[in-house]
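Peer 1:
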Amino acid sequence: MFIEPVKANFAKLSRIMANKSENIKLFNLAVGNFNGVSSMFTEEEHQGKSCSLLKPKLHLEQYPDIIFNSQEEVEVRRLDDIEYDRTLYDHLHIDTQGYEMEVLQGAKKSLRLFATVAIEVYREELYEGCAMHTEVTAFMRENKFHLMNIFWRGNSWGDAEYLRLCE
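Reading the sequence shown from the start, the letters are residues 0 to 166 in numbering that gives the first Met the number 0.
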């Protein structure tokens, strides 16, 4: 299952994934803690890799070559409310440019189905209001996941891996 909110990126993804497998589902929406519509800050120079529902903050200083030059209205859905075959997936990867905590809040029921979760986490506020890695780890602990490792990719962000604890 792939979820991509930016229309241009979704079109590319659709072309790449066309006829790959009937088990692969594509959704042109953002994932968060509500169902509705929101404005996404977008950039095109780097293939839309830094687009976010949160306004860029320190990202503007740390990555001055990435310019957020427009906004796009996108549909937002809670992961818990998206219809898909939940028996097909045991791993969740969240890379939503600072919006990871909101994704987790909208996935409380779904989280129980995953054995592992990989999440982009932050030590600094690259996007306004983004949760820090300590907050994300506390949330994951409350939901029966153990932090296995954080691979820091720079001074301000990295990728955290969590493993669901057996009950």
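Where a beta carbon is used, it is the ideal one built from N, C-alpha and C, also for glycine. A quick note: this is a predicted structure, and the numbers were derived from the prediction, not measured.
1) Mind pulling the beta strand (DSSP E) runs of 3 or more residues that sit fully within the stretch 76–127?
2) Could you compute how far the alpha carbon of SER13 sits from the alpha carbon of SER51?
3) Should CYS165 go down as buried or exposed, given a rule of 16 or more other Cβ atoms within 10 Å for buried?
4) For the 8 Å Cβ check, are there 3 or more pairs between the stretch 70–87 and the stretch 31–44?
5) Using three-state DSSP, classify ASN22 as helix, strand or coil.
6) By Cβ distance below 7 Å, which residues in the same chain neighbour ASN22 in space, the five residues on each side in sequence not counted?
7) Determine the closest residue to THR115 out of ILE65, MET100, MET139, with distance taken between C-alpha atoms.
8) Once DSSP output is grouped into helix, strand and coil, what is the label at ILE149?
Peer 2: Reading from the atomic positions:
1) Every unbroken stretch of the beta strand (DSSP E) spanning 3 or more residues and falling wholly within the stretch 76–127 is given here in chain order: 90–93, 115–121.
2) Taking the first residue of the sequence shown as position 1, residue 13 is located at position 14. Taking the first residue of the sequence shown as position 1, residue 51 is located at position 52. So the alpha carbons of these two residues sit roughly 20 Å apart.
3) The residue given as residue 165 occupies position 166 in the sequence shown. Burial is judged here by how many other beta carbons sit within 10 angstroms of a residue's own beta carbon; CYS165 has fewer than 16 and is exposed.
4) By the Cβ criterion, the stretch 70–87 is in contact with the stretch 31–44, since at least three pairs of Cβ atoms, one from each stretch, lie closer than 8 Å.
5) As a working note, residue 22 is residue 23 in the sequence shown. Three-state result, ASN22: coil.
6) Here the question's residue 22 lines up with position 23 in the sequence shown. The beta carbon of ASN22 sits closer than 7 Å to the beta carbons of LEU87 from its chain, once the five residues preceding and following it are set aside; these are given in chain order.
7) As a first step, residue 115 is located in the sequence shown; it is residue number 116 there, counting from the start. Answer by Cα proximity: MET139.
8) Within the sequence shown, numbered from 1, the residue matching residue 149 stands at position 150. Three-state result, ILE149: strand.
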